[in-house]
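J.:
Residue numbers (our numbering), protein chains in the order written: chain A, 3 to 554; chain B, 46 to 313.
(1) Cβ of residue 212 of chain A less than 8 Å from any chain B Cβ?
(2) So, does the CB of residue 143 of chain A fall closer than 8 Å to a CB anywhere in chain B?
(3) Give me the Cα-Cα distance between residue 111 of chain A and residue 182 of chain A, rounded to the nearest whole angstrom.
(4) Enumerate in chain order the residues of its own chain whose CB-to-CB distance from residue 190 of chain A is below 6 Å, with the five nearest sequence positions on each side excluded.
(5) Return the CA-CA distance between residue 126 of chain A and residue 264 of chain B, expressed in angstroms with no decimal places.
(6) Would the beta-carbon of residue 234 of chain B fall within 8 Å of that of residue 191 of chain B?
(7) Let me know the secondary structure DSSP gives residue 66 of chain B once reduced to three states.
(8) Pick helix, strand or coil for residue 541 of chain A, following the three-state DSSP scheme.
(9) Where do the ends of the alpha helix (DSSP H) carrying residue 150 of chain B lie?
(10) So the beta strand (DSSP E) residue 391 of chain A belongs to, where does it begin and stop?
(11) Any chance the region 366 to 380 of chain A sits against the region 325 to 337 of chain A, with 3 or more Cβ pairs inside 8 Å?
(12) Quick check on the burial criterion: 16 or more other C-beta atoms within 10 angstroms. Buried or exposed for residue 148 of chain A?
(13) Cβ closer than 9 Å: which chain B residues qualify as neighbours of residue 321 of chain A?
(14) Quick check on DSSP: helix, strand or coil for residue 41 of chain A?
(15) Using DSSP's beta-bridge definition, name the partner residues of residue 476 of chain A.
(16) With distance defined between alpha-carbon atoms, name the residue in A/544, A/280, A/522 and A/69 nearest to residue 102 of chain A.
(17) 8 Å is my cut-off, CB to CB: does residue 272 of chain B come that close to chain A?
(18) Shortest alpha-carbon distance to residue 206 of chain B belongs to which of A/236, A/27 and A/227?
(19) Note down the Cα distance separating residue 476 of chain A from residue 59 of chain A, rounded to an integer number of angstroms.
(20) Can you have a look at residue 126 of chain B and say buried or exposed, based on whether 16 or more other CB atoms are within 10 angstroms of its CB?
(21) Quick one: list the residues of chain B neighbouring residue 343 of chain A, beta-carbon separation under 9 Å, in chain order.
(22) Does the beta-carbon distance from residue 221 of chain B to residue 213 of chain B come in below 8 Å?
(23) Measuring alpha carbon to alpha carbon, tell me which of A/22, A/21, A/30 and A/25 ends up nearest residue 518 of chain A.
(24) Restricting to runs no shorter than 4 residues, where is the alpha helix (DSSP H) found entirely within the region 152 to 236 of chain B?
(25) Is residue 460 of chain A close to chain B? Criterion is C-beta to C-beta, closer than 8 Å.
(26) If contacts are defined as beta-carbon pairs under 8 Å, then residue 478 of chain A and residue 435 of chain A qualify, I think. What distance do you get, rounded to the angstrom?
(27) Since residue 94 of chain B meets chain A, which of its residues come closer than 8 Å, beta carbon to beta carbon?
(28) Can you tell me where the beta strand (DSSP E) with residue 260 of chain B in it begins and where it stops?
(29) In whole angstroms, what separates the C-alpha of residue 543 of chain A from that of residue 273 of chain A?
(30) Are the C-beta atoms of residue 210 of chain B and some chain A residue less than 8 Å apart?
(31) Need the endpoints of the beta strand (DSSP E) that residue 242 of chain B sits in, please.
(32) Is the region 19 to 37 of chain A close to the region 106 to 121 of chain A, with three or more CB pairs under 8 Å?
(33) Just to confirm, are residue 140 of chain A and residue 118 of chain A a CB contact at a threshold of 8 Å?
(34) What are the start and end residues of each continuous beta strand (DSSP E) run of 3 or more residues lying completely inside the region 216 to 253 of chain A, in chain order?
(35) Beta-carbon within less than 7 Å of residue 283 of chain A's beta-carbon, same chain only, minus the 5 sequence neighbours each way: which residues are those?
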């Protein structure tokens, strides 16, 4: 490939703040860092909103914020966490790592890449601007169900800013996905067949394809909603023959694949972390690719399990499809466990978060099977059980995966390791904090506490479990501080990582940290999905396929 | 030692999950759900315990000697096993789900009691068309849906076309159903235990969603007849065929709270 012949030797530059360079960059690594930084800031902001909500719910009768402010908070918390943190954080890792992992110099369309970042950033800011208006931000829940999101019920500019902002970030995701798919198909280095593509990049390929299917229906729903609100449309207005159910179909046809769009990159991350810190190959590389693709396929046919209680969807069909999607997810958990089995484990922070994912995500997977059963969902839908379930999946899956990826690849991105001691403190806080926050919420939901309420009757007896949950949420907040401190402290230190701090497997570890502008000076031969591992073995004169465990 | 501690933690965690047991249902339909839940909890604990044990064992029995572990790339037999077992489990759970769903969805041929439930921002209205009784709550006094025990109650649930989505939810019935503007949804329940059961709107419907409360009071057949008579005497009777409220009025906003712009019945 011409791109590899072209590369020039450039020194790894120290991290310097050059505003113009950051604003004008088309380098996939800089754009990846921008994505991760922006989504990280949205994460911190959304986390603060969660803390305010948990304080409001700590006891019945709290009046920390008004009902209307509370409704804006949970709407924007969900919007920020799902659409402005989890989705773009995955895209951020993808931007940084995909060209490196496949041995390319950059993305297929570098300028389009920059465009998609800036559309995402300004879309996100636009959706938040409602807070500056007199009637506040959108207050319909992140699901913006019509007719509640229609003009008579949500008249302020907050809702319009939400529609415009999220429409923009959705479009940015589609552009980003086109870029990623093209890059992975067209920019692989010689020797890198599809079945030698690193598993993280495989997960990103599947995620990007899902984005191409899932986001256009959201864009359509938002456009129809905007027409209803401003141009006299009646798509979702039952008084004029429109259908509120139609909105739910359009929203969830996006909304359920979205769940996998945010979790597959995290699965990709831990699928890289387990092999490296177990000194073993990923168990069942092809099976994991197959399971990932199966998740993508099935995820397109489960959306109406969010609508079981409408009485307007086919319950058995959407139930069995939702049950079945647990199978490929379970396969992955078994594959990761088998990867660790008999391995020489190194308990770095990256590995600890990956192991935490195994324990915590499993509970979320199991409770997901419960809500796939319509009779049980008739109790759990729109209660704290569902809230606990999806936080279990998103924190235990996506957030733990992203933290794992941060500790794993930060040395590559900056040339500096993150402090492992701070990492372990954060990990302990997140494991304990997660349990304290969300296990009580499962119980509250089973007892019937609805979500999206700012207050509850003391006679319900929900006070003590809510207090426990709030204590856990505070621990989660405190546990975030060591991560921020570790990042800031690392950036103030001189580089210490070297090109391959963890003895990695894939091509990003074959270049300097951070990599030069066009990524590679030379590439090792690519004969498996672990070219850097193969090269290390060759240099050490070890034949890794020796029966009985290599050289002891 | 550490393995045992971790396994204990696993059991405690899943025990907590099981402790979040559903309330004992007050309706015959809900009792079917209780039965299904027992299966789900048992299998969940089993699956969770197996996965956590395997993960814990992988950590405990890791290779401690220096040098490269055996490079195992996969094993098709074991992969087929751990694909097949989950498929069998979920198909079993699906079969149980279908059986329970048939009980919950069944419509009783008995006459029982008919009630039209109308949900609107932020109040409930219960119309008994056969008895010409109508009950509407006030912000201070949430409405009560009075029903006889051991008789099927046929609910027709709706929301006015100019309103938003709501949901009828009684936790101790283990049941909710959405009230969607312009649609009518029908379901039955038969209360087996006399008592008063808390209910509330479960689909977010705007500012005062949390205050959209009601309750269901299940009484003996004799008490039910007495209640009907007292209601009719009190003059809450409406001519048959009176339409449900077309749109929410400002009066349903709790009086101690600032009034929000009341949406009109129609849309632009």
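Where is the CB? At the ideal position from N, CA and C, for every residue including glycine.
T.: Concretely, from the data shown:
(1) Contact of residue 212 of chain A with chain B is not assigned, every C-beta pair being separated by 8 Å or more.
(2) Closer than 8 Å to the CB of residue 143 of chain A there is at least one CB belonging to chain B.
(3) Between residue 111 of chain A and residue 182 of chain A, the C-alpha separation is close to 9 Å.
(4) Exclusion of the five residues before and after residue 190 of chain A leaves 104 as the residues of its chain whose Cβ lies within less than 6 Å of its Cβ.
(5) Just so you know, the alpha carbons of residue 126 of chain A and residue 264 of chain B end up roughly 54 Å apart.
(6) Not a contact, by the Cβ cut-off of 8 Å.
(7) If DSSP states are grouped into helix, strand and coil, residue 66 of chain B belongs with coil.
(8) When DSSP states are grouped into helix, strand and coil, residue 541 of chain A belongs to the helix group.
(9) Unbroken alpha helix (DSSP H) run through residue 150 of chain B: 121 to 150.
(10) No beta strand (DSSP E) holds residue 391 of chain A; the alpha helix (DSSP H) holding it covers 386 to 395.
(11) Counting C-beta pairs with one atom in each stretch, the region 366 to 380 of chain A and the region 325 to 337 of chain A have three or more that are closer than 8 Å, which means they touch.
(12) By the neighbour-count rule (16 or more Cβ atoms within 10 Å), residue 148 of chain A is buried.
(13) Per Cβ cutoff of 9 Å: 139, 142, 143 and 146.
(14) Three-state result, residue 41 of chain A: helix.
(15) For residue 476 of chain A, which the question treats as bridged, DSSP gives no partner whatsoever.
(16) Across the set A/544, A/280, A/522 and A/69, the C-alpha of A/522 shows the shortest separation from the C-alpha of residue 102 of chain A.
(17) For residue 272 of chain B, the answer is no, since every Cβ of chain A falls outside 8 Å of its Cβ.
(18) It is A/236 whose Cα lies nearest to the Cα of residue 206 of chain B.
(19) Distance between the alpha carbons of residue 476 of chain A and residue 59 of chain A is about 13 Å.
(20) Exposed, since its Cβ has fewer than 16 Cβ neighbours within 10 Å.
(21) Residues of chain B passing the Cβ test: 99, 102, 103, 106, 107 and 117.
(22) In this structure, residue 221 of chain B lies near residue 213 of chain B, with their beta-carbon atoms less than 8 Å apart.
(23) With distances taken between Cα atoms, residue 518 of chain A lies closest to A/30.
(24) The region 152 to 236 of chain B contains no whole alpha helix (DSSP H) run of 4 or more residues.
(25) By this cut-off, residue 460 of chain A is not an interface position.
(26) Residue 478 of chain A to residue 435 of chain A, Cβ: 4 Å. Contact.
(27) By Cβ distance, chain A contributes nothing, its closest Cβ being about 10 Å from residue 94 of chain B, past 8 Å.
(28) Run containing residue 260 of chain B: 258 to 264, per the beta strand (DSSP E) assignment.
(29) Straight-line Cα distance between these residues: approximately 27 Å.
(30) It does; some Cβ of chain A falls within 8 Å.
(31) From DSSP, the beta strand (DSSP E) with residue 242 of chain B extends over 240 to 246.
(32) Yes, they touch.
(33) Contact: no.
(34) Listed in chain order, there is nothing to give.
(35) For residue 283 of chain A, the CB contacts under 7 Å within the same chain, skipping 5 residues up- and downstream, are 277 and 532 in chain order.
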